[in-house]
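For the sequence shown, the residue numbers in our numbering are 7 to 222.
Here a beta-carbon is modelled for each residue, glycine too, at the ideal position from N, C-alpha and C.
This one's a predicted model, so the numbers in the text were calculated from it and none came from an experiment.
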Amino acid sequence: MKAILLGSTGLVGHFLLTELLNDSDYTEIELYSRRSLGMQSPKVKERLGDLLSDDFWPERLQADAVFVCIGTTKAKTSNTETYHAIDFGIPVKAAELAKKGNVKHFSVVSSLGADAQSKTFYLKTKGEMEEAIRNLNLKQPYFLRPSMIMGPRKEKRLGESIGKVIMNGLSFLIPEKYKGVEAADIAKAMWALSKGQKAEVIIESKDIKKVADFNA
7 MKAILLGSTG LVGHFLLTEL LNDSDYTEIE LYSRRSLGMQ SPKVKERLGD LLSDDFWPER
67 LQADAVFVCI GTTKAKTSNT ETYHAIDFGI PVKAAELAKK GNVKHFSVVS SLGADAQSKT
127 FYLKTKGEME EAIRNLNLKQ PYFLRPSMIM GPRKEKRLGE SIGKVIMNGL SFLIPEKYKG
187 VEAADIAKAM WALSKGQKAE VIIESKDIKK VADFNA
């Protein structure tokens, strides 16, 4: 099997790459990224460049599964047009080319509360992304909607650090749907879906761990 992974340098993408490397069924993993991971593995190939440029992309994506873990934050990308190009444009472009390549499985990390009608720019962008991809009628599209993504990050995010303290210390007070989700569980859920795990097209935050508990 061949996988194409977008966002391998991020937290979820890092864990998903590990899942794919440990799965003997996946013999080829192509990473679409701005920068190289410098990984030495016969399974891994890299397609490096500017994912916002049309010149970066092939005519179609040819793989058994395409995983989109790419995304940005307001802290990293304050310009709303660039933000939209990353969180909407890249996943939709990948989905369009996956459709052309007759890809069977396509999964993307979205967000809790994604809604094309939302007044919040972030949630509206995620909702519009989901809507655009669903309209393509892919064979097996999945949208994972995590709440706060938990895990070890290289960069420090003050808001998330505070959120994690609250999540860990007062988790018993937080409704299940709003509790943080481990990046490793999101990654394992995406891998599991590509191996036959059953789930709804939209996987809410509270259900991600259940989907991740899968033995292929």
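- Note that the C-beta distance between K132 and D191 is not below 8 Å.
- Beyond the five residues adjoining it in sequence on each side, F62 comes within less than 7 Å, by CB distance, of G55 and D56 in the same chain, given in chain order.
- The beta carbon of M196 sits closer than 6 Å to those of L22, F73 and S113, all from its chain and outside the five residues before and after it, given in chain order.
- Between Y148 and S30, the alpha-carbon positions lie close to 23 Å from each other.
- E102 is positioned such that its CB atom lies no closer than 8 Å to that of A122.
- Straight-line measurement puts the Cα of K80 at about 8 Å from the Cα of T86.
- The continuous stretches of alpha helix (DSSP H) do not include E182, and DSSP gives it neither H nor E.
- As a beta-bridge residue in DSSP terms, F73 pairs with L11 and S113.
- Per the coordinates, the alpha-carbon of K110 lies some 5 Å from the alpha-carbon of K145.
- The Cβ atoms of C75 and G157 do not sit closer than 8 Å to each other.
- Taking C-beta atoms under 8 Å as the contact rule, E52 and L37 qualify, at a distance of about 5 Å.
- Cα atoms of G13 and A100: separation of roughly 12 Å, rounded to the nearest angstrom.
- The beta carbon of S47 is closer than 7 Å to those of L27 in its chain, skipping five residues each way along the sequence.
- Within its own chain, the residues whose Cβ lies closer than 8 Å to the Cβ of S211, once the five positions on either side in sequence are excluded, are L118, R151, P152, S153, K183, Y184, K185 and V187, listed in chain order.
- Within the DSSP secondary-structure output, K51 pairs in a beta bridge with E36.
- Distance between S39 and K125, taken at the CA atoms: about 31 Å.
- By the neighbour-count definition (other C-beta atoms within 10 Å, threshold 16), S42 is an exposed residue.
- CA-to-CA, the gap between A120 and A189 works out to about 18 Å.
- For F149, the secondary structure class from DSSP, reduced to helix, strand or coil, is strand.
- Annotation: the continuous alpha helix (DSSP H) that includes E136 extends over F127 to R140.
- Around the CB of E65, fewer than 16 other CB atoms lie within 10 Å, so the residue is classed as exposed.
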